[in-house]
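Here UniProt numbering is used: the sequence shown runs in plain steps of one and ends on residue 1097.
Every residue gets a Cβ at the ideal spot worked out from N, C-alpha and C, and that includes glycine.
Notes follow the structure.
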Amino acid sequence: MLKNLFFVIISSLLITGCGGNDNKFFTQMDKGDTDIDFRNMLKESEDLNVMNYSYFYNGAGVSVGDINNDGLQDLFFTGNMVKNRLYLNKGNFKFENITDKSGVALLQGWCTGATMVDINGDGNLDIYVCRSADIDPARRKNLLFINNGDLTFTEKAEEYGLADQGYSTQASFFDYDKDGDLDMFLINHSLQKYSTGVQENVQLRKEQNPDFANKLYRNDNGSFKDISAEAGITSNVLTFGLGVAVSDINADSWPDIYVSNDFNEPDYLFINNGNGTFTDKLTESMDQISMYSMGSDVADFNNDGLPDLVTLDMLPEDNKTQKMHSGSENFDKMQFLFEKGFYYQFSRNMLQKNNGDGTFSEIGQLAGISNTDWSWSALFSDLDNDGHKDLFITNGYVKDYTDMDFLKFTMDQTIKSRQEGKETTVKDFIEKMPTIQMPNYVFHNTGNDRFENKNKEWGLDQSGISAGAAYADLDNDGDMDLIVSNTNDYAGIYRNNTELFNKNSYLKVKLNGDKNNSWGIGAKVIAYSKGKKYFQEQIPVRGFQSSVDPILNFGLGSTKVLDSLVIVWPNDKIQKMNNVKVNQTITVDLKNASQAPQYLPFPGSEAYLTNSSSIKYTHKENSFNDFTIQTLLPNYLSRQGPCMAKADINGDGIEDLFIGGAAGQAGSLFIQTTGGQFVGKPSPALDADAQSEDTAAEFLDIDNDGDMDLYVASGGYEFAPDNNLLQDRLYINDGKGNFSRKVNALPAMLISTGTVKASDIDADGDMDLFVGGRLVPGMYPSAPESKILLNDGKGNYTDGTARIAPEIKQIGMVTDAIWLDLNKDKQEDLILVGEWMPVKVFLNQNGKLKDVSSTYIKFGSTGWWNRIYADDMDNDGDKDLIIGNLGLNAQFKASEKEPLNIYFKDFDDNGSIDPIFCYYIDGVSYPAASRDDLSDQLPVIKKNFLEYHKYANATITDLFTSDQLKDAKVLKAEILETIYLENTGNGFKLIHLPIEAQYAPVYGIASFDANGDGKKDLLFAGNNSWTRIKFGQYTASNGTLLTGSGNGAFTYVPQWKSGLNIRGNVRSLQTIDSGKKAGVQFVFGINNAEAQVIKIK
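This is the structure in structure tokens:
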């Protein structure tokens, strides 16, 4: 939102008046050696500057291609305020500037994106150049330089119908309708006045302007026609297209389009319908996207044969820069935008992993690539040829108008100017803007969905301001060199020295198509070797305003000979080559391909699970904003439901179901039929208690009459701590599934409950209860009361906590518990988990619970635990534990050495608890809250830190004195992983689960045999979208299936194979036995949504 804020303020004011060495992977080549002396120089003026053209500092592009067919890749640079440059590759990193004689700079203007393409099928690469900025449409018309075959070019955009006069960013050529020739997709961008005011005028999304619109041009025998409207390509005046990525995203053989949009307008995911039209399926496919989407790339980063997507944004890596760009989160405004269709957008890089079923999981934070500051170009390429595509990102900005101190200066200066009647000049403002000059990022793909920053080690740690970039094998040695367009500095040429450091193999593939698509754009190439798959698509336009080497390069690690190489041409013909030797350039020709069945990435695969419609239930959450009670909460606390419980309540031998309601919605009973369907059963007793929030439930025989009664726990965050609606409830079953509330059967306990679990604690033949307190409303993270309730044998309960387990009375914010006999003494023991809690183990010793946690848990186990589940997963006769946690896909990480901390007390003595959440960045623990957000809760912060840069480096001891902190309570979290604990008989051994189990918080766990191998598998579900805007949503899980080996090891099952597509905030999961006919069903309770049911196929 800071980008928007600057322009609001400014609008108001204006209305009123190297040579290098080879000891690293990359060597930066000196311009004196390469003769590439291009500089994209920008000079502000009163008429043209960032205050009246918001993309003044966006930078320029690079395009790569062999324009004279000599086997060497040549380079074309666009210039914003300087001439475009064309450099002929002479070999050995020597280039000749042929700009003047080539004619590519005769028509200039503000040039942005460029791509090389053989538009007329003569075998020579032509150059298409986008233009923007100028208020004169004639000087914005895009340019098409036709290659004359003699190193000269003739501009013919008008002749071809491609002289679009919009504010263009980039164009990509591909055959969208599979008629054999190349069509063109163009992204344009809107102007500054539409970057603000969205909240006040959502109707702007319905307004159109062709100069801002995305456009699809169809190639009709060499003449291009704008068919955007009939093809379903949508845009509006809020469209700020900065990135375009083309790929067959859903593997149906038709090319799709992803458009990155800056500001509030969501990105577009145009799925090709195969009939000449597209449908935007972004919301069906992705759960969250970048807010200020800029450059992007689409490629298979994890070698599963599916194209994944990365989009770039502006979130910095270090704490100080984050704080200098963090104002108030404005949660309410963001919720308004979400509700009005602007979708879930958060300011950070996003890595969308393709699930193969039409959906994506956003795992950028887990992967380690989410924070790269003001970023522009994203390029996936295997830079070290180890078989894994690495990620190169350019960044920097000439004048940072989002810096908080600058914004404060701007507001102060605006007020001063109005008061004094003096006009502040543009120059004055621009001089006050700081510059973001920093190294680009190179991330080494280490596999297992992880990337590691290698800037320094790989020799790419030079500071600068970079925009467009491309990769190309400039010296034909089999590795990708880098070309970077820098702003106000010379272009960067980086020679790849990989061959000096490893013996990794490569294969370069040159595609020869036909005259209408000579480079085979849109083709897929798949290399197979010993069970491994390496997948690429021939789409040269990538990153930001740039296009890359059109010869595909595969890094192959230690492979010496490929088992096979498969080429799927755009017309669906297939070519297969066996036993292909590596370390060569291989040319493949369309004429040698044959018609074959459609290429499928996963042929003959059938999912394990399928959807069922056996229950109709919708949870309806009451509207409540937790942040109005405690503004510094890490997450919402009021959206804990629905809870579920199962039992045979009517004595027919079939399991039935209870689903809890939110405040204002009664809990619901469902009777299961013999066919596995669930029929709602009216319950006046439950209806009468509809105002309570149901947060946990347990079926048990309270009164020893042989049928299952029901305990429903009350909770939530929206009630005052003394509200009677927090009282838990008991309902007695008449044996036929009819329930009546038993009043006065429970002691008075106004607790916001997190869990309730039954066991005969005192071995007297009746069911006692553990009731875990979840929270104290309005006083997070203070520990609520938890209780042991003892049954008198008649279904009346008394508080036995002090006698049975005094240590649990205020043990923490309990989220779940489980009873299980750990030491095989035929007495069930209690295991507890919770938020900011360690895993706690209590042995039942003759009716008393003794804390033996240190004996059973041998690691730092404090976490944000949500769920605990037990089953014998390794077939050794005892129960192992699976415990659901936050996961690893978050901004913050935790360890025993660097835990999360939360400091809390009433720091300002106003009667409310102030929770200060801190986490480590670069070895130092900092408060998570911005200066503005913290000062909203504690106004003294603003007085103590008058300037943002003074707050930016503050730690907890800078915010508060030692006297203020001495009586503050501190909680910690050392582990955020969802984990498997193997029961060794005398303790639990921590075993890490596959990384896919860490994509999102886990709230539901089940075990069963999914694949029929006789071994137990694991099913997880979760997510949490009700979090701080700063952290975004934790929603990367669509349900996770892990197959078990029978000895405690697990393997992730891809979504397309599992059949899972459980979106939303799952809060509970029940496994229901539906008999031989219907089998096992799994019911997912989803907050504020319909329940979903799946079953084994």
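{"Query": "Buried or exposed by the 16-neighbour rule on C-beta atoms within 10 Å, applied to E265", "Result": "buried"}
{"Query": "Rounded straight-line distance, which links the Cα of R741 to that of S714", "Result": "14 Å"}
{"Query": "Buried or exposed (CB count within 10 angstroms, at least 16 for buried), L306", "Result": "buried"}
{"Query": "At least 3 beta-carbon pairs within less than 8 Å: the stretch 526-543 vs the stretch 602-618", "Result": "no"}
{"Query": "Rounded separation between L590 and Q575 - CA only", "Result": "8 Å"}
{"Query": "Contact set for A527: own chain, Cβ-Cβ below 6 Å, skip 5 residues either direction", "Result": "Y534, F554, L562 and L565"}
{"Query": "For residue 1101, the residue or residues it bridges with in DSSP", "Result": "This structure cannot settle anything about residue 1101, because the visible part of the chain is limited to 1 through 1097."}
{"Query": "Sheet register partners of M813 (DSSP bridge)", "Result": "E835"}
{"Query": "Contact belief for G660 with G641 at Cβ below 8 Å, rounded distance in angstroms", "Result": "5 Å"}
{"Query": "Whole-angstrom distance between V246 and N84, CA atom to CA atom", "Result": "25 Å"}
{"Query": "Where T978 falls: helix, strand or coil (DSSP)", "Result": "coil"}
{"Query": "Cβ separation of G887 and W865, assumed to be a contact under 8 Å, to the nearest whole Å", "Result": "So it is not a contact: roughly 12 Å between Cβ atoms."}
{"Query": "Where N517 falls: helix, strand or coil (DSSP)", "Result": "strand"}
{"Query": "Own chain residues within Cβ distance below 6 Å of V1093, not counting five before or after", "Result": "S612, S614, I615, Q1081 and V1083"}
{"Query": "Whole-number beta carbon distance between M324 and H992, since they are thought to touch under 8 Å", "Result": "Between M324 and H992 the Cβ distance is about 36 Å, and since that is not below 8 Å, they are no contact."}
{"Query": "Residue closest to T618, alpha-carbon to alpha-carbon, out of E785, N1023 and G1085", "Result": "G1085"}
{"Query": "In chain order, each beta strand (DSSP E) run of at least 3 residues that lies wholly inside the stretch 361-398", "Result": "375-381 and 390-395"}
{"Query": "6 Å Cβ shell around I10 - same chain, five flanking residues per side excluded", "Result": "Residue placement at I10 is poorly supported in this model, since its pLDDT is 48, which falls under 50; the coordinates still yield a value, given next. M51."}
{"Query": "Through-space distance from D652 to P734, alpha-carbon basis", "Result": "Note that residue 734 is Asp in the sequence shown, not Pro. About 14 Å."}
{"Query": "Nonlocal neighbours in the same chain, by C-beta distance under 7 Å from I363, ignoring five residues either side", "Result": "L351, K353, D449, N889, Y999 and A1036"}
{"Query": "Environment of F501 [buried if 16+ CB atoms lie within 10 Å]", "Result": "exposed"}
{"Query": "For Y951, three-class secondary structure by DSSP", "Result": "helix"}
{"Query": "Where S12 falls: helix, strand or coil (DSSP)", "Result": "Confidence is the limiting factor: at S12 the pLDDT is only 45, short of 50, which leaves the residue's position unreliable and the question unanswerable from this model."}
{"Query": "Chain-order list of residues whose beta-carbon lies under 7 Å from that of P747 (same chain, five-residue window excluded)", "Result": "Y797, T798 and D799"}
{"Query": "Where I465 falls: helix, strand or coil (DSSP)", "Result": "coil"}
{"Query": "Strand pairing of Y926, partner residues [DSSP]", "Result": "Y919"}
{"Query": "Reduced DSSP category for D428 - H, G, I as helix; E, B as strand; rest coil", "Result": "helix"}
{"Query": "Stretch pair the stretch 509-519 + the stretch 111-124: three plus CB contacts closer than 8 Å", "Result": "yes"}
{"Query": "Closest by C-alpha distance to I882, when choosing among N273, E977, A968 and D933", "Result": "E977"}
{"Query": "Proximity of Q545 and T169 at Cβ, strictly below 8 Å", "Result": "yes"}
{"Query": "Completely contained beta strand (DSSP E) runs for the stretch 91-161, where each covers 3 or more residues", "Result": "94-97, 110-117, 126-132, 143-147 and 153-155"}
{"Query": "Proximity winner among N40, N1087 and V541, relative to S63 (alpha-carbon distances)", "Result": "V541"}
{"Query": "Same chain, Cβ closer than 8 Å to Q598, five either side skipped, listed in chain order", "Result": "S253 and D572"}
{"Query": "Euclidean distance between Cα positions of G778 and S752", "Result": "11 Å"}
{"Query": "Continuous alpha helix (DSSP H) stretch holding R867: start and end", "Result": "Taken as a continuous stretch (DSSP letters only), R867 belongs to no alpha helix (DSSP H), being part of the beta strand (DSSP E) at R867 to D871."}
{"Query": "Proximal residues to E155 (C-beta, below 8 Å), its chain only, five neighbours per side dropped", "Result": "G103, L106, L107, L143, L144, F145 and I146"}
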